[in-house]
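A short write-up of the structure that comes next.
Residue numbers (my numbering): 1 to 613.
Given below as structure tokens:
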């Protein structure tokens, strides 16, 4: 049975204002280049831009033609070129090539580069080195936040995870701080800010600096508390197979910017169609958080109810029929269309996810989470690798094994790594280096406990201010400690109890009752305790960097139960479903802000070596 929001939960703030602000600023920037102009848009900005300002709005403001940024000469004949791009060196170099090619051809044009969400010094340096700094004008479009739904906001920065957690590049931290600042200035002030993770701490500090620099006006708060969490605090959750409907749709069809493209086999037409997936879709809003085993029964009931509504036409007089056609028929037809799409999508998911292979996969995952039959799990993973079922799936299982077992035994690590490289290619050697660096796939060091490592590092680390690990030490001590965390937080419910997925009793339902997501359990525990008190051992196992700060708005109000959770490095639809469940149970309203929507495939693709990608 689909669950709905608790009547006692506070209402969500209106986030459409974020879209209006972004649109108005973009229009202002475009008008700074008066007259007809051609607009070149970076590929991964096209979908977000469409949600903010569609083609007709751009045309109203003198944009003549639109092009996708591609690494080739431009064919535009316009005298004015505008480039809307991310601050990437490769793209800036291409713009330099365009300008220099025009110079060589004796062609005079005006050029404007709009960086979003901000410009970096490195990009300006490239323009200067290539001799075009004086030929272009530059601006920033502070497009930090895109509301994907009533309770989901995305920074649409999928590269945040790879840049910050793999490459150690912290350039996006200020962007996250600026996004928080924007939310605080419109919907704050916040009463309390909780957080865990090194990146979260830096983002919080960046936001506080911006708050202190600006004017603070007294206003009624719409968001009470904020929780910041790094993705590397919980890698297990995004690596588990998603089994709630929205998560499965993302895994199979890839939801992009709140929109999914369904092929002809699902749309029942001769072409693919794009469908917006949000709370405006009445069918989707009732099944998005459901465990997939409940979806078909709900859709069947919905179809029967729809038929009953259609059957009301029989026996109507002219006046009643006129009212029915003007008030109900259009809505029924729309609901019928959406119902057909979701039934077809569910059938497509069913074909791929109910095969014996998938059931075996889930059984292996659950065994890994519980810590049972590990040798059998390793045998399953070896077979999966040797059969070359899927490069990413094999990698996912290896990482899940490593995380849940706090690293692999040296002989298992060498054996599984060798088999993987033989099956999928030696070019993955650098991928394994990335996995080791992030702590996703590591080899256990015999007799090398955390205390021993700390003593060895003592001479190299000189951080006596707070007795905490420095960045250098933290990078060397990435251990998952999943087993200990699982026991302390009761992440794996007792398997001898029957779990009714139709009436979920806790957040574990999102993984068939096998596992409560660590990220969401931490949020629950911290909110219950109003801080990290009593969680000291948990925090130590997670390498610290926890904090709680009380803001200026200490007054009790309805907004205190509106919780903004910000995931730095991405979050999954399963985690969003779990937080919605927690909100319904506890009377909270959760707003999820994320650098990007992620899943196991996206997360692992970010770790693949560039030559493999």
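We put the CB at the ideal spot given by N, CA and C, even for glycine.
Here the structure is a predicted model, which is why all the values come from computation and not from measurement.
*residue 546 burial status per 10 Å Cβ neighbour count (16 or more: buried)*: buried
_Helix, strand or coil, according to DSSP, for residue 590 in the structure here?_
strand
*What residue range is occupied by the uninterrupted beta strand (DSSP E) comprising residue 125?*
No beta strand (DSSP E) contains residue 125, which is instead part of the alpha helix (DSSP H) from 121-129.
*When DSSP labels each residue in this structure, what does residue 444 get in the three-state scheme?*
Here residue 444 sits in coil by DSSP.
*Go ahead and label residue 689 buried or exposed: buried means 16 or more other beta carbons lie within 10 angstroms of its beta carbon, across all protein chains shown.*
Because the chain here runs from 1 to 613, residue 689 falls outside it and cannot be looked at.
*Where residue 492 falls: helix, strand or coil (DSSP)*: DSSP, read as helix, strand or coil, puts residue 492 in coil.
*Extent of the continuous alpha helix (DSSP H) run through residue 413*: 410-424
_With DSSP as the reference, identify every bridge partner of residue 80, one or two as the case may be._
110
*Return the bridge partner residues of residue 391 from the DSSP annotation.*
Partner(s): none; residue 391 has no beta bridge.
*Thinking residue 614 and residue 241 are a contact (beta carbons under 8 Å), I'd like their distance in whole angstroms, please.*
Because the chain here runs from 1 to 613, residue 614 falls outside it and cannot be looked at.
*Which residues in the same chain as residue 524 place their Cβ atom closer than 7 Å to its Cβ, once the five residues preceding and following it in sequence are excluded?*
By the criterion of a C-beta distance shorter than 7 Å, residue 524 is surrounded in its chain by 582, once the five residues flanking it on both sides are discounted.
*asked:* Could you compute how far the alpha carbon of residue 561 sits from the alpha carbon of residue 43?
replied: 38 Å
_Less than 7 Å between the C-beta atoms of residue 577 and residue 244, yes or no?_
yes
_Counting C-beta neighbours from all protein chains within 10 Å, is the total for residue 54 16 or more, i.e. buried, or is it exposed?_
Around the beta carbon of residue 54, a 10 Å sphere encloses fewer than 16 other beta carbons of the protein chains shown; the residue is thus reported as exposed.
*What residue does the beta strand (DSSP E) around residue 429 start on, and which one ends it?*
According to the DSSP assignment, residue 429 belongs to no beta strand (DSSP E) but to the alpha helix (DSSP H) extending over 429-438.
*Could you give the distance in angstroms between the alpha-carbon of residue 117 and the alpha-carbon of residue 333?*
40 Å
*Closest to residue 73 by CA distance: which of 502, 57, 40 and 180 is it?*
40
_Whole-Å CB distance - residue 346 paired with residue 268, under 8 Å assumed_ = In fact, because the Cβ distance is near 14 Å, the residues do not count as touching under 8 Å.
*CB contact flag (residue 206, residue 177, <7 Å)*: A contact, by the Cβ cut-off of 7 Å.
_Supposed close pair residue 599, residue 232 - CB separation, criterion 8 Å_ = Actually they are not in contact, since the Cβ atoms of residue 599 and residue 232 sit about 16 Å apart, beyond 8 Å.
*Please go through the same chain and pick out, in chain order, the residues whose beta-carbon is closer than 7 Å to the beta-carbon of residue 361, but skip the five residues on each side of it.*
Shown here for residue 361: same chain residues with a beta carbon closer than 7 Å to its own, the five before and five after excluded, namely 241 in chain order.
*Can residue 192 and residue 550 be called in contact, C-beta distance under 7 Å?*
yes
*Give the C-beta separation of residue 564 and residue 595 to the nearest angstrom, bearing in mind that I take them to be a contact with Cβ-Cβ under 8 Å.*
With 8 Å as the limit, residue 564 and residue 595 do not qualify as a contact, their Cβ atoms being about 14 Å apart.
*asked:* I'd like the span of the alpha helix (DSSP H) that includes residue 195, first residue to last.
replied: Element bounds for residue 195: not the alpha helix (DSSP H) but the beta strand (DSSP E), 192-196.
*What three-state label does DSSP hand residue 97 in the structure shown?*
helix
*asked:* Using the three-state DSSP reduction, which class does residue 61 fall into: helix, strand or coil?
replied: coil
*Reducing DSSP to helix, strand and coil, say where residue 512 ends up.*
Residue 512 carries a coil assignment under DSSP once its states are collapsed to helix, strand and coil.
*How would you label residue 175, buried or exposed, when you count the other beta carbons within 10 angstroms and need 16 or more for buried?*
buried
*Pairwise C-alpha distance: residue 217 and residue 249*: 43 Å
*Since residue 148 and residue 258 are thought to touch, with beta carbons under 8 Å apart, how far apart are those beta carbons, to the nearest angstrom?*
4 Å
_Along the chain, where does the alpha helix (DSSP H) containing residue 521 start, and where does it finish?_
518-529
_Less than 7 Å between the C-beta atoms of residue 239 and residue 377, yes or no?_
Judged by their CB atoms, residue 239 and residue 377 are not nearer to each other than the 7 Å cut-off.
*asked:* Applying the 10 Å Cβ sphere with the 16-neighbour rule, what's the burial state of residue 90?
replied: That one is exposed.
*For residue 650, collect the residues of the same chain with a Cβ closer than 6 Å to its Cβ; drop the 5 residues on either side in sequence, then sort them by chain order.*
This structure cannot speak to residue 650, because the chain is shown only from 1 to 613.
_Does residue 112 pass the burial test, meaning 16 or more other C-beta atoms within 10 Å, or should it be called exposed?_
By the 10 Å Cβ count, residue 112 comes out buried.
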